[in-house]
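Okay, structure first, notes after.
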Amino acid sequence: MSIARDIITIAAVSAGAFFFLAGTVGLLRFPDTLTRLHALTKADNLGLGLVVLGLLPQAASLRDGLKLVSIWLLGLLAGATVSQLIARTARQGEPAK
Amino acid sequence: MTEFLTAAVGFILAMLALGLVSILRGPGDTDRMMAAQLIGTGGIAALLLLGTVIGVPAAVDVALTLALLATFASIAFVKKGLSSLEADGTGSTEDQ
Numbered sequence: 623m624s625i626a627r628d629i630i631t632i633a634a635v636s637a638g639a640f641f642f643l644a645g646t647v648g649l650l651r652f653p654d655t656l657t658r659l660h661a662l663t664k665a666d667n668l669g670l671g672l673v674v675l676g677l678l679p680q681a682a683s684l685r686d687g688l689k690l691v692s693i694w695l696l697g698l699l700a701g702a703t704v705s706q707l708i709a710r711t712a713r714q715g716e717p718a719k
Numbered sequence: 012m013t014e015f016l017t018a019a020v021g022f023i024l025a026m027l028a029l030g031l032v033s034i035l036r037g038p039g040d041t042d043r044m045m046a047a048q049l050i051g052t053g054g055i056a057a058l059l060l061l062g063t064v065i066g067v068p069a070a071v072d073v074a075l076t077l078a079l080l081a082t083f084a085s086i087a088f089v090k091k092g093l094s095s096l097e098a099d100g101t102g103s104t105e106d107q
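Protein chains in written order, with my numbering: chain A, 623 to 719; chain B, 12 to 107.
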């Protein structure tokens, strides 16, 4: 049972770290603001989500697990709101250039 | 398991350092703010991993606060950008 938990943790945290890598490389390499925003949201939502998913089997109690999930939900809500706002700012800024 | 999670923390911190490079050379203000958003999220992930590795539950609370503050930073940026854009817009229509 402990081995199964560890395997879930290793798989999910590795996938989450990969999405952080993809988000950072995308932020550095993609050509314009909206595509960079696309790369950023992947790292935000999937990277953090997979890290949280990987840490859930290691959580000491149900309360700790719920706290981790609630942090991820707050991250999702904040990421979605901020992405919309930043995209609107970027699009309003474009015609002025 | 501890070694793996510590390595994951190191990897995510390295990604945060790359994000700082992105802040340095991002062509526009929005790109810099997006890099700051990414650093906020990566910091949350690193804190959650660290809290599990060294067994400090308070790190999870710090991560929660960081999530809130990163959001407020971005919203403050957008509010400031919008108000300056609105000011520009009224200025140009007055000129016309």
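Every residue gets a Cβ at the ideal spot worked out from N, C-alpha and C, and that includes glycine. Computed from a predicted model, the values in this text were never measured in an experiment.
Same chain, Cβ closer than 8 Å to residue i, five either side skipped, listed in chain order
| i | result |
| --- | --- |
| A:HIS660 | GLY648, PHE652 |
| B:GLY39 | none |
| B:VAL64 | THR13, LEU16, THR17, VAL20 |
| A:ILE708 | LEU659 |
Terminal residues of the alpha helix (DSSP H) in which residue i lies
| i | result |
| --- | --- |
| B:LEU109 | This structure cannot settle anything about residue 109 of chain B, because the visible part of chain B is limited to 12 through 107. |
| A:ASP628 | 624-651 |
| A:GLY676 | 670-677 |
| B:MET12 | Unbroken run through B:MET12: none, as it is neither H nor E. |
| A:ALA681 | Per DSSP, A:ALA681 belongs to no alpha helix (DSSP H) and is neither H nor E. |
| A:ALA661 | 655-664 |
Residue i: contacting residues in chain B (beta-carbon distance under 7 Å)
| i | result |
| --- | --- |
| A:ILE632 | PHE15 |
| A:THR614 | Residue 614 of chain A cannot be examined here, being either before or after the span of chain A that is shown, 623 to 719. |
Partners in chain A for residue i, counting only beta-carbon separations shorter than 8 Å
| i | result |
| --- | --- |
| B:LEU59 | VAL673, VAL674, LEU677, LEU690, ILE693 |
| B:VAL32 | LEU650 |
| B:VAL67 | Under the 8 Å cutoff, chain A gives no residues; its nearest Cβ is about 12 Å from B:VAL67. |
Within chain A, partners of residue i - CB distance below 7 Å
| i | result |
| --- | --- |
| B:ILE23 | ALA639, PHE642 |
| B:THR82 | ALA700, VAL704 |
| B:ALA74 | ILE693 |
| B:ALA78 | ILE693, LEU696, GLY697, ALA700 |
| B:ALA19 | VAL635, ALA639 |
| B:ALA70 | What B:ALA70 touches in chain A: nothing, since even the nearest Cβ is about 11 Å away. |
Proximal residues of chain A, C-beta to C-beta of residue i below 9 Å
| i | result |
| --- | --- |
| B:GLY53 | PHE642, GLY645, THR646, ALA665, GLY669, LEU670 |
| B:GLN35 | With the sequence shown as reference, residue 35 of chain B is identified as Leu, and Gln is not the correct amino acid for it. Here the premise fails: no neighbours, minimum Cβ distance about 11 Å. |
Neighbourhood of residue i by C-beta distance below 6 Å, restricted to the same chain and skipping five residues each side
| i | result |
| --- | --- |
| A:ALA634 | LEU672, LEU675, GLY676 |
| B:PHE88 | MET44 |
| B:ALA133 | Examination of residue 133 of chain B is not possible in this model, given that chain B is present from 12 through 107 alone. |
| B:LEU60 | LEU16, ALA19, VAL20 |
| B:GLN107 | Since pLDDT at B:GLN107 reaches only 37, below the 50 mark, its modelled position is unreliable, and no value is offered. |
Neighbourhood of residue i by C-beta distance below 7 Å, restricted to the same chain and skipping five residues each side
| i | result |
| --- | --- |
| B:THR101 | In this predicted model, B:THR101 has a pLDDT of only 49, less than 50, meaning its place in the structure is not dependable; the value taken from the coordinates is given anyway. Result list for B:THR101: empty, nothing under 7 Å. |
| A:LYS664 | PHE641, ALA644, GLY645 |
| B:THR104 | Low confidence applies to B:THR104: its pLDDT is 43, below 50, so where it sits in the model is not reliable, and the reading given next is rough at best. Contacts found: none. |
| A:LEU662 | GLY645, LEU649 |
| A:LEU698 | ASN667 |
| B:LEU49 | GLY30 |
| A:ALA681 | GLY687, LEU690 |
| B:LEU77 | GLY51, GLY54, ILE55, LEU58 |
| B:SER85 | MET44, GLN48 |
Interface residues of chain B facing residue i [CB-CB closer than 9 Å]
| i | result |
| --- | --- |
| A:LEU684 | Near A:LEU684 there are no residues of chain B at all, since even the closest Cβ is about 14 Å away, more than 9 Å. |
Contact list for residue i against chain B, beta-carbon separation under 8 Å
| i | result |
| --- | --- |
| A:GLY687 | Residues of chain B passing the Cβ test: none, with the nearest at roughly 11 Å. |
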